[in-house]
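Start counting the first sequence at 145; every next residue gets the next number (this note's numbering).
For each residue, glycine too, the CB sits at the ideal point set by N, CA and C.
The next block holds one structure in the form of structure tokens; read it before the comments.
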Amino acid sequence: MPPVIFWFRRDLRLADNIALSRAVETGRPIIPVYVVDSQDAGGAGRWWLHHSLASLDQALERLGASLVLRSGAPERVLADLAAASGADTIFCNRRYEPESRDQERRLSRLPGIDLVGSDDNLIATPSALRTLSGGYYRVFTPFWKASSALGEPATPLAAPASLDFARHDLPTEPLDSLGLLPREPDWAGGLRDTWTPGEPAALQLIDELAPVLAGYAADRDRPDLDVTSRLSPHLHFGEVSSRQVWHGARRLEAHGAGLAGAEAFLRQLYWREFSAYLLYNFPQLPTSPLRPEFEFFPWSDDEEHLRAWQQGRTGFPIVDAGMRQLWHTGWMHNRVRMIVASFLVKDLMIPWQRGAEWFLDTLVDADLANNSASWQWVAGSGSDAAPYFRVFNPDLQAQKFDPNGDYVRRWIPELAGKSSEFYPNPIVDHGEARKRALEAYDVVKGMRASNAAPVSPVSSSTSEPPCAVATREAR
DNA sequence: TGAAATGTTGGGGCG
DNA sequence: ACGCCCCAACATTTC
């Protein structure tokens, strides 16, 4: 019997993996493959990917196989592997980013190879949702209602008890040779201290969700308390499925562990769905404002300001604490992400795309859809975005959400024992910066009336792949 | 998933 | 006792 290829992508797990289960059902021997490609670009994400692949390979070895690792353009690598192994079918779970969809399109056109894609990564498949009038949802709440109305996500599948792996002598590249880990300098120490990539650790986090849900409704905006699941990088790489997370939360809700908390938590899970949906239907989301009049915003190109923001030395304690937490751990609390993003876009008037690039490079949970949609949300140029006049005051935000200054002192050691009022040299005056931003937005407002055709959905094949500049190494 | 400016109200000090 | 002023507290409007 000819083997089939199982192409691992953002589904680095064995449990509740729909395409993997379909591959197993064929009864044919399986060749598991991961192809490192141009989408695996961000520095922190590459660190995570390395360890997640190592974890997956271990799990596969316990079942008697090993992962074939390659790098390059997936359609070429997979065509070579199929030819060398005699496989005529490739199973994979779909991805919904423009570049991923192009890959799938090219693969499905290869002669003699059958690409079998499954919808697995999201609860609501993005092509399935339209408004009653046939349009696309642009506002979160109606989207949430409509996707919830589709019914509960499927009950998670168990990991296959056994897998029939193909014997082969296909060339594989050693994990260590793929260059996913940083060297000289090795900046990953804080990441190692903070995270355990891989499916077993991810499943454990779902088991430990109860205290998070109990405190979530009241304290989820408190970076000092950090009542968060920490699931985002695991979800990004598919070490757990969204269905597993959904059912994990609902199960706890049924057992009384925080009723309001579960609802608020699942709402966040659906923001992930909404972002993927927006990217699927508006492939230019990573690079162009959804509201075209924002092309006319008078952005600043002050490199020194950008560097100060990246390095956590803006002189605003809450902003600097967030940027240092990001640098050190590859993660930032969501409330602080909003604060630092508002500061970059509004106080410094630096294009949201610069911030998005930095986040894509430094976040372990960097995700093109979530990142693009969220930055556009902050900038006011996106769907259902924060209104442009909503300018965060960093000090007020700190008072509200880090009332004792614990978060700030944790990440800014020079403030230990001092009040944040003694923190030196803010690079801008917030009051003046706010005024400048509001005046700049008047330009945008003027364009809305006169100019600028609305953005309509376009086919992903016409869009450019996002440009994630690997700036982390250069810092 | 704001903040600042402006408006309104009401209690207390005081003539 | 009463009205006036002050201003904190809260509400509304505006950006």
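Neighbour-count burial assignment, residue i, 16 or more Cβ in a 10 Å radius
i      : result
Pro367 : buried
Thr458 : buried
Glu343 : buried
Glu328 : exposed
Gly561 : exposed
Phe381 : buried
Met476 : buried
Gln454 : buried
Ser291 : buried
Leu251 : buried
Arg481 : buried
Pro568 : exposed
Ser373 : buried
Arg616 : The predicted model places Arg616 with a pLDDT of 49, which falls under 50 and marks its position as unreliable, so this point remains unresolved.
Phe566 : exposed
Asp351 : exposed
Ala188 : buried
Ser244 : buried
Ala293 : exposed
Asp511 : buried
Cys611 : Note that Cys611 scores 33 on pLDDT, short of 50, meaning its location in the model is unreliable; the coordinates nonetheless yield the value given after this. Counting Cβ neighbours within 10 Å, Cys611 comes out exposed, since fewer than 16 surround it.
Arg142 : Residue 142 is absent from the structure shown; the chain starts at 145 and stops at 619.
Arg416 : buried
Chain-order list of residues whose beta-carbon lies under 7 Å from that of residue i (same chain, five-residue window excluded)
i      : result
Ala618 : Residue placement at Ala618 cannot be trusted, given a pLDDT of 46 that sits under 50; what the coordinates show is reported in the next sentence. There are no such residues.
Ala228 : Leu314
Val535 : Ser486, Lys490, Arg578, Ala581
Arg153 : Cys236, Asn237, Arg239
Ser444 : Leu492, Met493, Ile494
Arg282 : Ser527, Asp528
Arg553 : Leu559, Ala560
Gly256 : Asp232
Pro461 : Ala542, Val552, Ile556, Leu559, Ser564, Tyr567
Gly456 : Asp464, Met467, Arg468, Trp471
Chain-order list of residues whose beta-carbon lies under 6 Å from that of residue i (same chain, five-residue window excluded)
i      : result
Ala223 : Leu254
Val168 : Pro304
Tyr585 : Tyr532
Thr338 : Thr473
Pro297 : Ile267, Arg387, Trp390
Asp308 : Pro173
Leu156 : Ser196, Leu200, Phe381, Gly382, Glu383
Phe287 : Tyr281, Phe418
Close-in-space but distant-in-sequence residues of the same chain around residue i (CB under 8 Å, 5 per side omitted)
i      : result
Gly334 : Trp471, His472, Thr473, Gly474
Ser271 : Tyr424
Gln520 : Leu429, Pro433, Leu434, Trp496, Gly526, Ser527, Ala529
Leu319 : His194, Leu197, Ala198, Asp201, Leu213
Asn537 : His574, Arg578
Asp363 : Leu369, Val371
Leu211 : Phe152, Pro176, Val177, Tyr178, Leu197, Leu200, Asp201, Leu204, Thr316
Nearest-angstrom Cβ-Cβ length linking residue i and residue j, presumed shorter than 8 Å
i      : j      : result
Ser385 : Asp160 : 5 Å
Asn265 : Ala163 : That pair is no contact at about 10 Å.
Ala209 : Pro176 : 6 Å
Ile556 : Asp464 : 6 Å
Ser165 : Leu324 : That pair is no contact at about 28 Å.
Val221 : Val179 : 5 Å
Leu396 : Leu357 : 6 Å
Val260 : Phe440 : No, Val260 and Phe440 are not in contact; Cβ-Cβ is about 46 Å, not under 8 Å.
Thr285 : Asp258 : Not quite, the Cβ-Cβ distance comes to about 40 Å (not below 8 Å), so this is no contact.
Leu410 : Ala393 : 6 Å
Phe438 : Ala332 : Not really, about 36 Å apart at Cβ, beyond 8 Å.
Pro326 : Trp192 : That belief does not hold up - the Cβ atoms of Pro326 and Trp192 are roughly 12 Å apart, past 8 Å.
Gly479 : Phe545 : Checking the sequence shown, residue 479 turns out to be Arg, not Gly. Contact flag correct, Cβ pair sits at about 5 Å.
Gly230 : Pro146 : 5 Å
Pro688 : Pro242 : Coverage of the chain is limited to positions 145 through 619, which leaves residue 688 absent and any answer about it impossible.
Inset, instruction - Decide if the stretch 447-464 is in contact with the stretch 510-520; the criterion is three or more beta carbon pairs, one per stretch, under 8 Å apart. - result: The stretch 447-464 and the stretch 510-520 do not touch, with fewer than 3 CB-CB distances between them shorter than 8 Å.
Inset, instruction - Write down every uninterrupted run of the alpha helix (DSSP H) in the stretch 453-495 whose length is 4 residues or greater and which is fully enclosed by it, in chain order. - result: Fully enclosed alpha helix (DSSP H) runs of 4 or longer: 461-473, 478-486.
Legend entry - Inter-stretch contact (C-beta, 8 Å, three-pair minimum) for the stretch 411-424 and the stretch 574-584: Between the stretch 411-424 and the stretch 574-584, the count of C-beta pairs closer than 8 Å stays below three; the two stretches do not touch.
Legend entry - the stretch 389-407 / the stretch 216-236 touching (three or more Cβ pairs under 8 Å): The stretch 389-407 vs the stretch 216-236: no contact.
Inset, instruction - Write down every uninterrupted run of the alpha helix (DSSP H) in the stretch 542-577 whose length is 4 residues or greater and which is fully enclosed by it, in chain order. - result: The qualifying runs are 550-555.
Inset, instruction - Could I get the ranges of all uninterrupted alpha helix (DSSP H) runs contained in the stretch 287-364, with 4 residues as the minimum, in chain order? - result: If we require 4 residues or more, the alpha helix (DSSP H) runs fully inside the stretch 287-364 come out as 333-338, 343-351, 354-363.
Legend entry - alpha helix (DSSP H) runs contained entirely in the stretch 189-260, provided each spans 4 or more residues: As for any alpha helix (DSSP H) of minimum length 4 sitting wholly inside the stretch 189-260, the runs are 218-229, 242-252, ordered along the chain.
Inset, instruction - With a floor of 4 residues, list each alpha helix (DSSP H) that falls wholly inside the stretch 373-441, ordered by position along the chain. - result: The stretch 373-441 contains these whole alpha helix (DSSP H) runs: 376-380, 386-398, 403-425.
Inset, instruction - Report yes or no: do the stretch 354-369 and the stretch 500-512 share at least 3 C-beta pairs separated by less than 8 Å? - result: Segments in contact, no.
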